[in-house]
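Participant: Note that the protein sequences, when read in sequence, are chains A and B. Under this note's numbering, residue 628 is the last one in the first sequence; the count climbs by one each step, no gaps. Under this note's numbering, residue 628 is the last one in the second sequence; the count climbs by one each step, no gaps. There's a structure below that I have some questions on.
Protein chains: 2
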Amino acid sequence: MSTLSTDLRRAIDGRWAHIREEARSELEPARFAPPSRELTREEYRARVADQLRELATTGHPARGLSKDMGGQGDFGASVTAFEMLGHADLSLLVKAGVHWGLFGGAVANLGTQPHHTAYLPRILSAELPGCFAMTETGHGSDVQSLGTTATWDPDTDELVIHTPTPAARKDYIGGAARDGRLAAVFAQLVTGGESHGVHCVLVPIRDEAGEPMPGVTIGDCGAKAGLAGVDNGRLTFDHVRVPRTNLLNRYGDIDEHGVYSSPIENPTRRFFTMLGTLVRGRISVAGGAGAATRTALTLALTYAGHRRQFAPPGGGDEVVLLDYRAHQRKLLPALATSYALLFAQNELVSRMHDVQLSGDAADPHDQRELEARAAGIKAVATAHATATIQACREACGGAGYLAVNRLPSLKADTDVFTTFEGDNTVLLQLVAKGLLTDYRDTFGDMDTLGMVRFGARQVAGAVIERTAARGLVERLIAAAPGRDSDGALLDRGWQCALFEDRERHLLETLAMRLRKAAAPDADAFSVFNDAQDHVIAAARAHVDRVVLEAFVAGVDACDDPAAQALLGRVCDLYALSTIEADKGWFLEHTRITPARSKQVTAAVNTLCAQLRPHAQDLVDAFGIPVEWLGTELVEPLADVG
Amino acid sequence: MSTLSTDLRRAIDGRWAHIREEARSELEPARFAPPSRELTREEYRARVADQLRELATTGHPARGLSKDMGGQGDFGASVTAFEMLGHADLSLLVKAGVHWGLFGGAVANLGTQPHHTAYLPRILSAELPGCFAMTETGHGSDVQSLGTTATWDPDTDELVIHTPTPAARKDYIGGAARDGRLAAVFAQLVTGGESHGVHCVLVPIRDEAGEPMPGVTIGDCGAKAGLAGVDNGRLTFDHVRVPRTNLLNRYGDIDEHGVYSSPIENPTRRFFTMLGTLVRGRISVAGGAGAATRTALTLALTYAGHRRQFAPPGGGDEVVLLDYRAHQRKLLPALATSYALLFAQNELVSRMHDVQLSGDAADPHDQRELEARAAGIKAVATAHATATIQACREACGGAGYLAVNRLPSLKADTDVFTTFEGDNTVLLQLVAKGLLTDYRDTFGDMDTLGMVRFGARQVAGAVIERTAARGLVERLIAAAPGRDSDGALLDRGWQCALFEDRERHLLETLAMRLRKAAAPDADAFSVFNDAQDHVIAAARAHVDRVVLEAFVAGVDACDDPAAQALLGRVCDLYALSTIEADKGWFLEHTRITPARSKQVTAAVNTLCAQLRPHAQDLVDAFGIPVEWLGTELVEPLADVG
């Protein structure tokens, strides 16, 4: 560990640095590292179930529960500790996330006092293993259309849980196949023949002996691409009866006469409020994806730093892989993006902590912004994980294909992150929709021309969502040299202006385009569908800007000059490689000239070469316990040359 | 099966269509399809070893051997049959490729009559399972630097095979861990203290009872990301003695006095000639990657054609996934590229067949061109496989993550294709180097200005490597409208001109840039290394052009008007989505205007919408036996909606 990487670590560990340090020492590899030998699926599941109970004894889970529910109310600490599990075994991460985060989160956030008292202690201790039964075979992303029903029976004052069609079978449910005893089942709530939309009901699925409850048919999803330690299964309900009070009734209740009531009148708003309370799941997935990606980069860059191949022309020692430009190009921009996303994640977790500490008093706008931010970061961080871990595997050649070197499991385990907890394509559309709502709130009454006259600066001020660094970024932009002046590529203000300009333009043109859907005779679906790639581009541009600003704030806050200077170069690489990746857009929209575009590519190459000597420091700064990295990639054969 | 897909199939099945048909009916799923239940690694290896012997009885393997060696000399048929295995179990494909292709190929191509007589019959029948022991832990891509030695001992007239360092251990060797009995070992050949470079020696590694031979230490690579049915292992030799005549001596021999001789004087040329005889391996990998990708696309597009999610605004039936533009964008350009690569593969196999039928009489230029083409297509086809199968997995959400739906194994099994049989990054550099050699041969004596004056057309004529469609393409280009005239996006000549122009420009500027390495005091490594991304871009542009021209020829040759018209649209989508993917380059080099660039994107969207109704026909045309696709994605629950 160099001083530099220690200083870097302080800068990137964020507000819950002490939790990261605690995890580094407490999450002992002996107990929590990935299995060192191959396990059968049953052995792996049993191991992870044991580890879950072990984790319960560490006290970590209580951090995620508010104090009035018997927890510690340290939400940021909880999500940070969860993220650190992403360096260990991802099956355990997902198992813990399902049990405490999703299942426990549903009981805590959708239930009320009696549910809290009855269940939370045994959920915290993992004595009552749970499932989060939302997704069905026929409906994943479109939760509002779930087919499972929960029908109130006036004769017995019970809810009858039923799977009316094969498509309504609960599917891919973590914990269902082996361990789960109680499931938080999302179903259409029906009273007196009337549907009140999707609500959540607690349904016992196994008895104490582990046998399925009457009327519950349990299937096993069997082998998956990865996450072999998670027992995903299928649940089918045949008129399963539970007490009415098993309805998690914070946002919708039925009284003993079958009368439905809710504090939120609008059913759509009610539905999204309920889902919104579960935002921590997406934030946690983004965090876990980030940790897994950093593990992969640490392995691949360490290997690239000692592995040699091919002597240079004219002879001499064989060249170290990382000295090749093509190899730098494969790994270093991805490393820079991982830094950027880590700062963005820290900011997101911090914001979540503050919003959720406010409880019911939280500003609805803050809550909405948090949800959009979580959706966007989750989509971008998990896509980055998939692409980067793939690149790391390939950068290690045959060695990267061996299970013993962990890259295969990192890839396979995280692969589903792009489509679970919200499919990324759907999430990015959600982000854009949120931005357009802001847009409409501000400019709804203005016609197109009026909007254009209103001026770009003000538009940006209103639509461009606030980030922690906003004031700083605005000062940087104001001080930036003109668009095409020479030598400005490394000017942070110029970089920020370019990101912001792209987002604003994509959003403004999208708003105009979608306005057509409101015209009489418009085929609204066609208008939206034709704009779908535009929608996704706008959302991505937005997330890129948010991520860059988090990085800018992080560099600004770093108090060690050497670390700050290095972080600045990493930030340059993130900014310029992101611009380069979308240079087609910037050129099409004449935001950069062809000459400028070529300079961007040259600058990315130069930055890669400049950062290459610091690559090991930059991955060491992630602080991944060496026991979790104990592979042949990191500890090669003595004289492998 | 529609008539249209039957007509399409005739167009894409190529010169060895009868072999494809034979494989469709003969490679019975009951014997060769992927395992329907989970197997332990040992069970899987045993199954694949059995299947290999089954395959031997079909007579397929004899096609790949020339008639004078007891085969049928139908090389194209052999590679085509191998490609069809890519629809079945990829472990079997790789196992067969290692045994007959690599190991058998080494004996056939590097050995002489005595080796052929002694071994080929038992190799054909799979009675003598073999290994191809080239890669070492320390050296993969850089075969010339292998560490294993084969030293002639004058006292016994034997060769002593030895692993001098841990890094020289043979690694990732298919067949080594369980089944292999004889290994084709690549080693530095040493006589009288002098090294003659890398040669291949046959070394028994197991006795009849399956026990390691004295001095041979065998390790197991254990679990891998995929290909669980292939027993990859490690070989370490401790002064293992074999008769001198075990040297495969076609290109280099030692007589009984230890005197080395070779028909090829230049050691580098000798080395590359030896490697060049093994070109069929890369062609086969490209073929297998193509087949696996088509399987994945068939699964994902079939699913996308019936899976529904979200009702449109205003209500009505939920929308079929493939009606969403974002979903079309994920899958249809990839489908078009798969068509393009299939035509290119057919052309490559045909060329290989003709060159290899000529045997020693083959034109060295043709052989060199074949090797470059094989390297380029292998790199592009396997990268396409990795990206496309990933996209297919994601397009199927949770269902795509279940092993039962095959996408996980397609992804994991093909993942190593990008780095074995030549790492893609290394291969693309090889392609560029080959093109530059042509370049130098033609223009070596001309200075830069002279070269420019020589005129672009002639430069292209000389450097742009010939393809089957060259005459046709030149006529199309000559008839193409000007660069920026409206409505020309779908003009095939305009598309071809753009591809060709990009390749020529990248190559010309690369040649000028690399010339600096020849200057006195030049740091040749730095010059090459700084240009590495340029080198790779030039190679990719070259392969893209070759692939497009193969597609153009394929469309031209299609004799059914409806199928031809549809193929034409698919070709448009391939051409325009390829241009779109690299629009940054075309804009930077002012090959297209910003307005034109936006039109390209719009045209890609339009083409996706136009092809969407034909998506099922287009995948049905691949003719993958339905038993090999028997997953929940293709045969969904009756009423999953």
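Glycine included, C-beta positions come from ideal geometry on N, C-alpha and C.
Of all the options B/L344, B/A370, B/S584, which has the alpha carbon lying nearest to the alpha carbon of B/F62?
Facilitator: Checking every option, the nearest Cα to that of B/F62 belongs to B/L344.
Participant: B/G277 versus chain D: which residues are under 8 Å apart at the beta carbon?
Facilitator: Considering every chain present, this structure includes no chain D. Its protein chains are A and B.
Participant: My understanding is that A/T375 touches A/A321, with C-beta atoms under 8 Å, so please give their C-beta distance in whole angstroms.
Facilitator: Rounded, the Cβ-Cβ distance is 4 Å, consistent with contact.
Participant: Considering only residues of the region 516 to 562 of chain B, which uninterrupted beta strand (DSSP E) runs meet the minimum length of 3 residues and lie entirely inside it, listed in chain order?
Facilitator: Runs found: none.
Participant: Given that B/T565 touches chain A, what residues does it touch there, using C-beta distances under 8 Å?
Facilitator: The premise fails here: B/T565 is roughly 13 Å from chain A at the closest Cβ pair, so nothing lies under 8 Å.
Participant: Name, please, each residue of chain A whose Cβ falls closer than 9 Å to the Cβ of B/I205.
Facilitator: The contacting residues do not exist; B/I205 stays about 16 Å from chain A at best.
Participant: Have a look at the DSSP bridge pairing and note the partners of B/S248.
Facilitator: Paired residue(s): B/D240.
Participant: Check whether the Cβ of A/I160 lies closer than 8 Å to any Cβ atom in chain B.
Facilitator: Answer no: the Cβ-Cβ gap between A/I160 and chain B never drops below 8 Å.
Participant: Does A/F297 come out as helix, strand or coil in the three-state DSSP assignment?
Facilitator: The answer is coil: DSSP assigns A/F297 none of H, G, I, E or B.
Participant: If you check the beta carbons only, do A/V203 and A/F173 fall under 8 Å apart?
Facilitator: Contact: no.
Participant: Select from the region 197 to 231 of chain B all residues with a C-beta closer than 9 Å to any C-beta belonging to chain A, and list them in chain order.
Facilitator: Result list: C208, G209, A210, K211, A212, G213, L214, N219.
Participant: Report yes or no: is there a C-beta of chain B within less than 8 Å of the C-beta of A/A399?
Facilitator: Output row for A/A399: interface = yes.
Participant: With a threshold of 8 Å between beta carbons, is B/M433 in contact with chain A?
Facilitator: Because B/M433 carries a pLDDT of 46, less than 50, the predicted location of this residue cannot be relied on, and the following value inherits that uncertainty. Closer than 8 Å: no.
Participant: How about B/S(-11) and B/D604: do their beta carbons lie closer than 8 Å?
Facilitator: A contact, by the Cβ cut-off of 8 Å.
Participant: Once DSSP output is grouped into helix, strand and coil, what is the label at B/T577?
Facilitator: Of the three classes helix, strand and coil, the one that applies to B/T577 here is coil, per DSSP.
Participant: Find out if the Cβ-Cβ distance for the pair B/A456, B/V557 is shorter than 8 Å.
Facilitator: For B/A456 and B/V557, no; Cβs fall outside 8 Å.
Participant: Taking only the alpha-carbon atoms, compute the straight-line gap between A/F407 and B/D341 and give it to the nearest angstrom.
Facilitator: Answer to the nearest angstrom: the Cα atoms are 50 Å apart.
Participant: Tell me whether the region 78 to 93 of chain A and the region 211 to 223 of chain A touch, counting them as touching only if at least three CB pairs, one residue from each stretch, are closer than 8 Å.
Facilitator: Contact between the region 78 to 93 of chain A and the region 211 to 223 of chain A is present, because at least three Cβ pairs lie under 8 Å.
Participant: What first and last residue would you give for the alpha helix (DSSP H) that runs through B/D341?
Facilitator: Start and end: 312 to 344.
Participant: At the 8 Å Cβ level, is A/P299 part of the contact set with chain B, yes or no?
Facilitator: Chain B, which has a Cβ nearer than 8 Å to the Cβ of A/P299, makes this yes.
Participant: Determine the chain A residues that contact B/E30 at a beta-carbon separation under 8 Å, and present them in chain order.
Facilitator: Near B/E30 there are no residues of chain A at all, since even the closest Cβ is about 12 Å away, more than 8 Å.
Participant: Which ranges does the alpha helix (DSSP H) cover as unbroken runs of at least 4 residues, wholly within the region 598 to 627 of chain A, from first to last along the chain?
Facilitator: Counting only runs of 4 or more, we get 602 to 607.
Participant: Give me the Cα-Cα distance between B/P250 and A/E30, rounded to the nearest whole angstrom.
Facilitator: So the alpha carbons of these two residues sit roughly 59 Å apart.
Participant: Quick one: what's A/I148 bridged to in DSSP?
Facilitator: According to DSSP, A/I148 bridges with A/A137, A/V227.
Participant: Count the CB pairs spanning the region 234 to 251 of chain B and the region 294 to 301 of chain B that are closer than 8 Å, and state whether there are at least three.
Facilitator: Contact fails: fewer than three Cβ-Cβ distances are below 8 Å.
Participant: So with Cβ pairs under 8 Å, would you call B/K420 a contact of chain A?
Facilitator: By this cut-off, B/K420 is not an interface position.
Participant: Using the beta-carbon of each residue, which ones in chain A are nearer than 7 Å to B/I523?
Facilitator: Neighbours of B/I523 on chain A, chain order: A313.
Participant: Whole angstroms are fine: how far does the CA of A/A212 sit from the CA of A/G51?
Facilitator: A/G51 and A/A212: Cα-Cα distance of roughly 30 Å.
Participant: In the DSSP assignment, find the alpha helix (DSSP H) that holds B/Y290 and state where it starts and stops.
Facilitator: Run containing B/Y290: 266 to 291, per the alpha helix (DSSP H) assignment.
Participant: Answer yes or no: does any C-beta atom of chain B fall closer than 8 Å to that of A/Y388?
Facilitator: So, interface residue.
Participant: Taking the beta strand (DSSP E) that B/I160 belongs to, which residues open and close that run?
Facilitator: Element bounds for B/I160: 157 to 160.
Participant: Give me, in chain order, the residues of the same chain whose beta-carbon lies closer than 6 Å to that of B/R591; leave out the 5 immediate sequence neighbours on both sides.
Facilitator: Here residue 591 of chain B is Val; the residue named in the question, Arg, does not match the sequence. Contacts found: L563, S564, E567.
Participant: Between A/A291 and the rest of its own chain, which residues show a CB-CB distance below 7 Å, the 5 nearest in sequence each way excluded?
Facilitator: So the qualifying residues of the chain are L308, L309, H314, L318, A382.
Participant: Rounded to the nearest angstrom, what separates A/T373 and B/V66 at their Cα positions?
Facilitator: Their backbone Cα atoms lie some 33 Å apart in a straight line.
Participant: Okay, do the region 568 to 587 of chain B and the region 572 to 592 of chain A touch, 3+ Cβ pairs below 8 Å being the bar?
Facilitator: Output reads yes: the region 572 to 592 of chain A touches the region 568 to 587 of chain B.
Participant: Name the residue from B/A348, B/R18, B/L594 whose alpha carbon lies nearest to the alpha carbon of B/L553.
Facilitator: If we check each option's Cα against that of B/L553, B/L594 comes out closest.
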